[in-house]
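Novice: So the protein lines, in turn, are chains A and W.
My numbering puts the first residue of the first sequence at 779, with every later residue one more than the last.
My numbering puts the first residue of the second sequence at 10, with every later residue one more than the last.
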Amino acid sequence: MSELPPLLPFFAGAILLPLIPRAARAWFFLLPPLAALAMLAGLEDGTILTVPFAGLELVPLRVDRLAMVFGWIFSIAAFIGGVYALHLRDTGQQIAALLYVGSALGAIFSGDLFMLFVFWEIMAVASAYLVWARGGSTGYRSGMRYIFVHLFGGSLLLGGILLHYGTTGSLAFDVFTTQTVATWLILLGFALNAAIPPLHAWLADAYPAATVTGAVFLSAFTTKTAVYTLARGFPGWEILIPVGVFMALYGVVYAVLADDIRQLLAYHIVSQVGYMVTGVGLGTEMGINGATGHAFTHILYKGLLFMGAGAVLYATGRSKLSELGALGKYMPWTVALYMVGAFSISGFPFFSGFVSKAVTLEAAELLSHYNVAMLLYLASIGTFLHTGLKLPYFTWFGPAPEQGYDPKPIPWNMIAAMALAAALNFFLGVFPQALYAILPYPLDYQPYTYGHVLHTVQLLAFTFIAFWLLRSRLGGEPFIALDTDWFYRRPSRFAYEAGPQLVARAFGAVERAAYGLAAGIARLGQDPVGRIFGAPAVSSGRGGTDGSESRSTSFRISLGAMILIALACIIGVVVVTMSGPG
Amino acid sequence: MSRVWWILLFLVLVGSVVLELVRPYYLDPQHLWEYPTFYAFYGFVGCAVIVFVSKWIGKYWLQRPVDYYTRHQGPEPVRPAGTEEGENV
């Protein structure tokens, strides 16, 4: 049995990729995920690999059922993302994506906080590249904000880890049972990556700005790694229950206001991660199962949705609802496969979201948190409203935009990747026990009960009726909605004035003063006698009549006088020295 | 949508409501949500509430022109190598 961390194929792939012929690199990208899947199959539950390093016992590999769920889905998502990106000829993005997936897997299988932190930071940098690779001012600026926010989150995490190590002497990454400054800092670091408001704005800012293929990768790994770390470190922390419910509804409200289709989907990541955070907060075996199961299906359907939205952007160069509409006839396959993702996220019976959401809701109801369950149902309504109705209606159906289309054909591999994800979503919806079997705790649960199916059908069907009646109010509007990134984007103007601009102005003032001084000295040198003793500049009267000529003449005269004075001084010194005693 | 879809939808709507009225899931309702057809109302009202509340928040608080952040931004930054002008998609 192997005892190697499954991140190795990805890191090795990132190193080897530039050595492969350019045209074959996209295909080569598919090998690391397959190798990782093979390695995962060979990992035994309970395996722990320790490596001594600088006096610490590091644990780069810890295998248990919780980590394995994420290991499986991360490798599957990397493979699907690789198929989606087969047409791509961009070595930078391919390497960044490999490092990103590899470090996410590294974080999942880390048994200690030090290794976790290292992979956490590699993830931040590698994923930021997927935003930068879009190019242009928007991509560059978004990527900069993204990396700065994540470095801030990483600092919170590092501070927490150091404090925790200082007080407990342990770097082990297990359940945190005490509430200390250290554990709260660690929780905040995790919360930032899990996009828990108000630390979530990076997500809705950066994901719509990323490349078509980059966004598919981004949607899968960062937030779900954070869900894993929350499930590992903070199960049963009750603060996470209201926080999770708030998240689920927060994303829904902002999705109403979003105009960019990928921003709408990004806000629904916030909403869906809210279910998982709630499940972690519930903390029971059922709750953790719900959180991990929902993370598993979420990666499949959210990736599919981002692939569909990416296909629209690829074909038309547009991503705003206010500029889209009536596009369905150009891309029937994309519409059909996207709808599978939309049905999955909305929790339609026979699609994956139905079977995973049900577990979290059941966990809440078992603990008599009925209000939690009801609010999560409300979030489900919003989810279907946006990703299942508003987005497809105003993108592929609905009124055509003023500006006509000339859509590019969509590469076959993009359709193939969507079909693969759609098939998995459908499979898990029909055979939920396949998912339940790999969850961290044994789960004996049947989602397809008479009441559950009936109530879900009622909920979604009547949501559709309300949508149809209100659809005229739901079209995309060319506005942005302020979010908590206002707190660092708006003051940036003043920070720019107070920082770089202030320094630039100070440099300017000093520069002007120096030039002024130099000019003064130069003027003095032209006519020292006249300047010092107040005598007017002597004009020789020879040569031309312009001022420069007369000044240079007067300068020559005073120079001769100065040489005479200097000679007299030297002679005087020599005489005094030689006539002295001895 | 075509007529077939509307008929199917109508059947689902009426069917799901009638089915629960005929054969309730909760035989002895204790909470509001245990009464038959609660979820149909919840879906309809919840959707309307989400739309109106969100639009209201957007209109009176959150929505700004698209160039809200960009109109005052500083000069174009120095680009790192490899991120040339123009957007890739």
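Think of the CB as a built atom: it goes at the ideal place given N, C-alpha and C, for glycine as much as any other residue.
None of the values given here were measured: they were computed from a predicted structure.
Answer yes or no: does any C-beta atom of chain W fall closer than 8 Å to that of Arg1267(A)?
Specialist: yes
Novice: Could you run through the segment 954 to 985 of chain A and flag, in chain order, every residue whose CB is less than 7 Å away from some CB of chain W?
Specialist: The segment 954 to 985 of chain A vs chain W, Cβ under 7 Å: nothing.
Novice: So what does DSSP say about Asp1038(A), is it helix, strand or coil?
Specialist: strand
Novice: Can you look up Thr828(A) in the DSSP assignment and give me helix, strand or coil?
Specialist: strand
Novice: Closest to Ala863(A) by CA distance: which of Ile1188(A), Thr1003(A) and Gly880(A) is it?
Specialist: Ile1188(A)
Novice: Can you say whether Ala816(A) is buried or exposed, counting buried as having 16 or more other CB atoms within 10 angstroms of its CB?
Specialist: That one is exposed.
Novice: Taking a contact to mean a Cβ-Cβ separation below 8 Å, would you say Tyr878(A) touches Ser905(A) in this structure?
Specialist: Yes, the Cβ-Cβ distance between Tyr878(A) and Ser905(A) is below 8 Å.
Novice: In the DSSP output, what is Lys1098(A) paired with across the bridge?
Specialist: Asp1038(A)
Novice: Near Gly791(A), which residues of its chain fall below 6 Å by C-beta distance, leaving aside the five closest residues on each side in sequence?
Specialist: Pro810 and Leu876
Novice: Step through the CB atoms of chain W and report whether any lies within less than 8 Å of the CB of Met1152(A).
Specialist: yes
Novice: How big is the Cα-Cα spacing for Ser1328(A) and Thr1355(A)?
Specialist: Residue placement at Ser1328(A) is flagged as unreliable, the pLDDT there being 46, under the threshold of 50; a coordinate-derived value is accordingly withheld.
Novice: Between Asp1037(A), His1147(A) and Pro1225(A), which lies nearest to Phe1129(A) when the distance is taken from Cα to Cα?
Specialist: Closest by alpha carbon: Pro1225(A).
Novice: Near Thr1070(A), what residues of its chain come up, given a Cβ to Cβ distance below 7 Å and the 5 sequence neighbours on each side ignored?
Specialist: Correct list, in chain order: Leu844, Val847, Ala1009, Leu1217 and Pro1218.
Novice: Considering Gln756(A), what are the terminal residues of the alpha helix (DSSP H) in which it resides?
Specialist: The shown model of chain A, from 779 to 1360, leaves out residue 756(A), and the question about it has no answer.
Novice: Under DSSP, the beta strand (DSSP E) around Gln72(W) begins and ends at which residues?
Specialist: Gln72 to Pro74
Novice: Kindly list the residues whose CB is nearer than 7 Å to the CB of Glu835(A), restricted to its own chain and excluding five residues on each side of it in sequence; keep chain order.
Specialist: Thr828
Novice: Strictly below 7 Å CB to CB, what residues from chain A border Ile16(W)?
Specialist: Neighbours of Ile16(W) on chain A: none; closest Cβ ~13 Å, over 7 Å.
Novice: The beta strand (DSSP E) with Val837(A) in it runs from where to where?
Specialist: Leu834 to Arg840
Novice: Taking only the alpha-carbon atoms, compute the straight-line gap between Val58(W) and Thr916(A) and give it to the nearest angstrom.
Specialist: 34 Å
Novice: Which residues in chain W have a C-beta closer than 9 Å to the C-beta of Arg1251(A)? List them in chain order.
Specialist: Val60, Phe61 and Lys64
Novice: Going by beta carbon distance, what residues of the same chain come within less than 7 Å of Thr994(A), once the five residues before and after it are set aside?
Specialist: A quick correction: the sequence has Val, not Thr, at residue 994(A). Here the set comprises Gly859, Tyr862, Gly1081, Phe1084, Met1085 and Gly1088.
Novice: Identify every residue that forms a DSSP beta bridge with Phe788(A).
Specialist: Beta-bridge pairing links Phe788(A) to no other residue.
Novice: For His942(A), count the other beta carbons within 10 Å of its own beta carbon; 16 or more makes it buried, fewer makes it exposed. Which is it?
Specialist: His942(A) comes out buried.
Novice: Quick one: Cα of His1076(A) to Cα of Asn1067(A), how far?
Specialist: 14 Å
Novice: Can you have a look at Gln1236(A) and say buried or exposed, based on whether 16 or more other CB atoms are within 10 angstroms of its CB?
Specialist: buried
Novice: Does any residue of chain A have a CB that is nearer than 8 Å to the CB of Ser25(W)?
Specialist: In terms of beta-carbon proximity, Ser25(W) lines the interface with chain A, with at least one pair separated by less than 8 Å.
Novice: Going along the segment 1014 to 1040 of chain A in order, which residues come within less than 7 Å of chain W, judged by CB to CB distance?
Specialist: Val1030, Val1031, Val1034 and Leu1035
Novice: Identify the contact partners of Leu71(W) in chain A, using a Cβ-Cβ distance below 7 Å as the criterion.
Specialist: Leu1035, Ala1259 and Leu1260
Novice: Taking the C-alpha atoms as reference points, what is the distance between Gly1119(A) and Ser888(A)?
Specialist: 31 Å
Novice: According to DSSP, simplified to helix, strand and coil, what is Ile1188(A)?
Specialist: Ile1188(A) falls in the coil class under three-state DSSP.
Novice: With a threshold of 8 Å between beta carbons, is Val13(W) in contact with chain A?
Specialist: With a threshold of 8 Å between beta carbons, Val13(W) makes no contact with chain A.
Novice: Helix, strand or coil for Phe1257(A)? Go by DSSP, reduced to three states.
Specialist: strand
Novice: Closest to Val896(A) by C-alpha separation, out of Gly931(A), Gly913(A), Val1281(A) and Arg867(A), would be which residue?
Specialist: Gly931(A)
Novice: Nearest by alpha-carbon distance to Ala1114(A): which of Ala1197(A), Ala882(A) and Ala1036(A) is it?
Specialist: Closest by C-alpha distance to Ala1114(A), out of Ala1197(A), Ala882(A) and Ala1036(A), is Ala1197(A).
Novice: Determine the direct distance from the alpha carbon of Ser11(W) to that of Thr737(A), and round the result to whole angstroms.
Specialist: As displayed, chain A neither begins before 779 nor continues past 1360, which places residue 737(A) out of reach and without an answer.
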